[in-house]
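Okay, so here's the structure we're looking at.
Protein chains: 2
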Amino acid sequence: MARRPESGKTKDINKTKLDDAARAGWLYYVAGNTQDEIASKLGVSRQTAQRLVSLAVSEKLVKVRLDHPIAQCMDYAARLQAAYGLDEVEVVPSDPGHPDTTLGIAEAVAARIEKILSASDPVTMGIGTGRTLKAAVEQLSFIDCPHHFIVSLAGNIAPDGSAAFYNVVFNLANKVSAPSFPMPLPVIAASAGERALLHEQAGIGRTLALAQKVQIAIVGVGDLGPSAPLYEDGFVTLDELKALQNVGAVGEILGWTFDAEGRVIEGMINERVASARLPDRDNALVIAAAKGGNKVEAIRAALRRRLVNGLITDEDTARALLG
Amino acid sequence: MARRPESGKTKDINKTKLDDAARAGWLYYVAGNTQDEIASKLGVSRQTAQRLVSLAVSEKLVKVRLDHPIAQCMDYAARLQAAYGLDEVEVVPSDPGHPDTTLGIAEAVAARIEKILSASDPVTMGIGTGRTLKAAVEQLSFIDCPHHFIVSLAGNIAPDGSAAFYNVVFNLANKVSAPSFPMPLPVIAASAGERALLHEQAGIGRTLALAQKVQIAIVGVGDLGPSAPLYEDGFVTLDELKALQNVGAVGEILGWTFDAEGRVIEGMINERVASARLPDRDNALVIAAAKGGNKVEAIRAALRRRLVNGLITDEDTARALLG
DNA sequence: TTGAATATTGAGTAATTGCCCACGCGTATA
DNA sequence: TATACGCGTGGGCAATTACTCAATATTCAA
């Protein structure tokens, strides 16, 4: 059986090259050299130096963080926290017109995760799936924290049987040396019966049990509009999506769909959602990470009913949630 | 009443400005906008946008991190360079638990030598002896550079009369087609008188004279602990080693022993060391190549007194030198 | 209110960077 | 062995960014 060739790039970047890239990136961003200076220090041409710097960026070796309380963001955060009785809110700046749906959120989530994992006392951290969290994990730096536990709260098998593209826990485990518990399940099982069967598996049971003990969880929020992630990724059919919309579902967290009041939809695909239940918000901090106009309704619903008690979003979304 | 002339500038940066700077910095570094785009988004001129970004940097609102082992090395290198006023420092990654005492260093030294020899202007390069340099030369590729001169700074005859195992210049000459000047002497002569006699030989005199003119030298550093290379290789007896230890000698370069302050020991075996003197650090670059816990004290001593003005070492050793 | 000192701004310009393209070296293939 | 292919490289140029300078705005004290 032929392995599918690595998506897209054929170039195998060997270690030496990445080393040089890191070196160039350091000289450029940390030491403030010009690319000409880097070139002479590394003994390469300026163009090559430029490529190395660029490689360091594209390989995500350089991480830029900006920790400054921007008054506007702080204001939104405080008002959101008050309005919805949240335990924790972070609002990052918006870049009007930028197409990236995770820009800023991913960095903030990464910083939050690093903060969680830097605790000296053991923590059990739950994590969902989705584009936002995947992007966040890419921003993470390597952390050694074997005393923590990381548990996936949602299945991560795509409908075609492959590990889903958004297998966040797997990517996380590559960055963080902590015991991690993936959930090798589809997000939505074929039937309620199949879900029961799957959940009885030994490995899954352990993960699910651990999922109920998480102290901090970070989850994405999916909308149920025409380009709902559940639909786009093939977890539900178009008919199922329309049916959900018809009963008033506006969003989902970990696959659990809910209406505009944040009430979890009875029956329908929720009978087949294989994910763990949302951790208890009285004992755990459940942070939703999401932004974007199409998600506003879903986020608002989740906040209203306190499906989550923490939020990381951007200015535009914050404004919409408050308006 | 004159206002105290603020050293630099009297910048009174109010909060709004820092906010804008943070926002500009965010849009620039995180969102990847150009300064033109930032200008239009923030409603200011391009120059102002540039100033805001620059302010965000100078106020350290943006924090750049590099996630790569190399980054740590670069950091150590910069700190060592500052701490000891060195002209050149390279720190290579450590491989914890690896027994090889030259791993990484040898490769780095080889690369440095190749860089020296790739210069188009003629260079006189000095070289010491020892395991580290021997391993480095083994890493060298063949180079044709007849316009350079290579001169041995230390004797390379073993106590038993054979060419010492670490006859670096000999091995170097096999790789590099440049005029080379070995020093067919023991590292330590039998007596001060014998040293004088040996140094009067025509061939030796020429090599010694050339040794004083080297522009770049690479030397090893030996410790004087129980397994001091000078003792293990039979250049000094156990009694002589103990005597050296008793007067506080902690290391040696080219056979010249020195104490923890880097002061060259008076008398004792230094009266019989047949090596060239260390090149003048005001006019030449003298790079020490060494790593390992047992050498830390020796290296630190050499750096303190500026016996060398360049260093190639590894992370662990760098950390120890800084700690 | 005025004047002086200081800060801020925009224009112009130099420096730096990003990117495209053609070349050359090495490797795989017929 | 000859040929094609791919990858990396450096040249050149356009875009972007950094800096200098003079003009303008602002602040503070008399």
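Protein chains in written order, with my numbering: chain A, 1 to 323; chain B, 1001 to 1323. The beta-carbon is built from N, C-alpha and C at its ideal position, and this holds for glycine as well.
- [ ] Using 10 angstroms around the beta-carbon of A82/A, count the other beta-carbons present and answer buried if the total reaches 16, otherwise exposed.
- [x] As a position in the first sequence, residue 82/A is number 82, starting the count at 1. If you draw a 10 Å sphere on the C-beta of A82/A, you find fewer than 16 other C-beta atoms in it, and that means exposed.
Open item on the list: Strictly under 7 Å for the Cβ-Cβ distance: is P229/A near chain B by that measure?
Closed with: Residue 229/A sits at position 229 when you count from the first residue of the first sequence. No, P229/A lies away from the interface with chain B (no Cβ there is under 7 Å from its Cβ).
Task: Min CB distance I1070/B to chain A below 7 Å - done: The count along the second sequence starts at 1 and reaches residue 1070/B at position 70. With respect to chain A, the C-beta atom of I1070/B has a partner C-beta closer than 7 Å.
Open item on the list: I'd like to know whether the C-beta of A1039/B is nearer than 7 Å to at least one C-beta of chain A.
Closed with: Locating residue 1039/B in the second sequence gives position 39, counting from the first residue. Residue-level contact by beta carbon fails for A1039/B and chain A, as no gap is shorter than 7 Å.
- [ ] Using a Cβ cut-off of 7 Å, pull out every chain A residue sitting near M1183/B, in sequence order please.
- [x] Stepping through the second sequence from its first residue, residue 1183/B is reached at position 183. Within chain A, no C-beta atom comes nearer than 7 Å to that of M1183/B; the closest sits roughly 30 Å away.
TODO: Flag K63/A as yes if its beta-carbon sits less than 7 Å from any beta-carbon of chain B, otherwise no.
DONE: Against the first sequence, residue 63/A aligns to sequence position 63. Look at K63/A: its C-beta is under 7 Å from a C-beta on chain B.
Open item on the list: By DSSP's criteria, P186/A is part of a beta bridge. Which residues make up the other side?
Closed with: Sequence index remark: in the first sequence, residue 186/A carries index 186 (1-based). Residue pairing by DSSP puts P186/A in a beta bridge opposite I157/A.
Task: Residue span of the beta strand (DSSP E) that contains T313/A, given as start and end - done: By 1-based counting over the first sequence, the position of residue 313/A is 313. T313/A: member of the beta strand (DSSP E) spanning 310-314, first to last residue.
TODO: Could you check which residue in G1220/B, R1304/B, T1317/B, Q1047/B has the C-alpha nearest to that of A1288/B?
DONE: Residue numbering aside, residue 1288/B sits at position 288 when the second sequence is read from its first letter. It is G1220/B whose Cα lies nearest to the Cα of A1288/B.
TODO: Excluding the 5 residues preceding and the 5 following P122/A in the sequence, name in chain order all residues of the same chain whose CB lies nearer than 8 Å to its CB.
DONE: As a position in the first sequence, residue 122/A is number 122, starting the count at 1. Around P122/A: H147, H148, F149.
Task: C-beta contact flag for G1025/B and L1080/B at 7 Å - done: For the purposes of this step, residue 1025/B is identified with residue 25 of the second sequence, where counting begins at 1. For the purposes of this step, residue 1080/B is identified with residue 80 of the second sequence, where counting begins at 1. Result no, Cβ atoms of G1025/B and L1080/B do not sit closer than 7 Å.
TODO: Helix, strand or coil for T1102/B, going by three-state DSSP, please let me know.
DONE: Translated into the one-based positions of the second sequence, residue 1102/B becomes position 102. Residue state, collapsed to three classes: coil.
Task: Reduced DSSP category for D1144/B - H, G, I as helix; E, B as strand; rest coil - done: Here residue 1144/B refers to the residue found at position 144 when the second sequence is read from its first residue. DSSP places D1144/B in strand when its eight states are reduced to three.
Task: Outcome for R206/A when other beta-carbon atoms lying within 10 angstroms are tallied against a minimum of 16 - done: As a first step, residue 206/A must be located in the first sequence, where it is residue number 206. With fewer than 16 other Cβ atoms from the protein chains shown falling within 10 Å of its own Cβ, R206/A counts as exposed.
Task: E114/A versus L172/A - alpha carbon distance - done: As a first step, residue 114/A is located in the first sequence; it is residue number 114 there, counting from the start. As a first step, residue 172/A is located in the first sequence; it is residue number 172 there, counting from the start. Each residue's alpha carbon lies about 11 Å from the other.
Task: Residue-level contact to chain A via CB, K1060/B, 7 Å cutoff - done: Your numbering for residue 1060/B matches position 60 in the second sequence. Closer than 7 Å: no.
- [ ] Round the Cβ separation of I1253/B and L1307/B to the nearest angstrom and send it over; I've been treating them as touching at under 8 Å.
- [x] Translated into the one-based positions of the second sequence, residue 1253/B becomes position 253. Translated into the one-based positions of the second sequence, residue 1307/B becomes position 307. Taking 8 Å as the upper bound for CB-CB distance, I1253/B and L1307/B are in contact here, some 6 Å apart.
- [ ] Indicate whether L244/A and Y231/A have their beta-carbon atoms separated by less than 7 Å.
- [x] Stepping through the first sequence from its first residue, residue 244/A is reached at position 244. Stepping through the first sequence from its first residue, residue 231/A is reached at position 231. Their beta carbons are not under 7 Å apart, which means L244/A does not touch Y231/A by this criterion.
Open item on the list: Let me see if you follow: with CB-CB separation under 7 Å, is Y1029/B close to chain A or not?
Closed with: Locating residue 1029/B in the second sequence gives position 29, counting from the first residue. Chain A, which has a Cβ nearer than 7 Å to the Cβ of Y1029/B, makes this yes.
Task: Residue(s) in a DSSP beta bridge with W342/A - done: Outside the shown range of chain A, which is 1 to 323, sits residue 342/A, and nothing can be said about it.
Open item on the list: For a contact defined as C-beta to C-beta under 7 Å, what are the partners of W1026/B on chain A?
Closed with: Position 26 of the second sequence holds residue 1026/B. The answer, in chain order, is L66, P93.
TODO: Identify the contact partners of E107/A in chain B, using a Cβ-Cβ distance below 8 Å as the criterion.
DONE: Locating residue 107/A in the first sequence gives position 107, counting from the first residue. Those are V1030, listed as they occur along chain B.
Task: Bounding residues of the beta strand (DSSP E) (the contiguous stretch that carries M125/A) - done: Residue numbering aside, residue 125/A sits at position 125 when the first sequence is read from its first letter. Per DSSP, M125/A belongs to the beta strand (DSSP E) from 124-127.
Open item on the list: Could you check whether the stretch 96-110 of chain A touches the stretch 185-205 of chain A, counting it as contact only if at least three pairs of C-beta atoms, one from each stretch, sit closer than 8 Å?
Closed with: Segments in contact, no.
Open item on the list: Here's the rule: buried if 16 or more other CB atoms are within 10 angstroms of the residue's CB, otherwise exposed. What is V137/A?
Closed with: By one-based count along the first sequence, residue 137/A stands at place 137. By the neighbour-count rule (16 or more Cβ atoms within 10 Å), V137/A is buried.
Task: Residue nearest to N1309/B in terms of C-alpha spacing, selected from T1016/B, Q1215/B, R1023/B, K1015/B - done: Position 309 of the second sequence, counted from the first residue, corresponds to residue 1309/B. Looking at the Cα atoms, Q1215/B is the closest of the given residues.
Open item on the list: I want to verify the contact list: residues of chain B whose CB lies under 8 Å from the CB of S141/A, in sequence order.
Closed with: In the first sequence, the residue the question calls residue 141/A occupies position 141. Going along chain B in sequence order, the residues near S141/A (Cβ under 8 Å) are R1065, D1067.
Task: Check whether Q1139/B and E1107/B have beta carbons under 7 Å apart - done: By one-based count along the second sequence, residue 1139/B stands at place 139. By one-based count along the second sequence, residue 1107/B stands at place 107. E1107/B sits close to Q1139/B, with the two beta carbons spaced by under 7 Å.
Task: V137/A in three-state terms, based on DSSP - done: Here residue 137/A refers to the residue found at position 137 when the first sequence is read from its first residue. Of the three classes helix, strand and coil, the one that applies to V137/A here is helix, per DSSP.
Task: DSSP-derived helix/strand/coil call for I38/A - done: Locating residue 38/A in the first sequence gives position 38, where the first residue counts as 1. In the structure shown, I38/A sits in a helix (DSSP, three-state: H, G or I).
- [ ] Using 10 angstroms around the beta-carbon of D239/A, count the other beta-carbons present and answer buried if the total reaches 16, otherwise exposed.
- [x] Reading the first sequence from its first residue, position 239 is the one you call residue 239/A. So D239/A ends up on the exposed side.
TODO: Look at L1224/B and V1250/B and say whether their C-beta atoms are less than 7 Å apart.
DONE: The sequence position of residue 1224/B within the second sequence is 224, counting from 1. The sequence position of residue 1250/B within the second sequence is 250, counting from 1. A contact, by the Cβ cut-off of 7 Å.
Open item on the list: For V1057/B, report the span of its alpha helix (DSSP H) as first-last.
Closed with: Start at 1 with the first residue of the second sequence, and residue 1057/B comes out as number 57. Its alpha helix (DSSP H) spans residues 1046-1058.
Task: Under the three-state DSSP convention, the category I113/A falls into - done: Here residue 113/A refers to the residue found at position 113 of the first sequence. When secondary structure is reduced to three states using DSSP, I113/A falls in the helix class.
- [ ] With DSSP collapsed to three states, give me the class of D239/A.
- [x] As a position in the first sequence, residue 239/A is number 239, starting the count at 1. Shown here, D239/A sits in a helix according to DSSP, grouped into three states.
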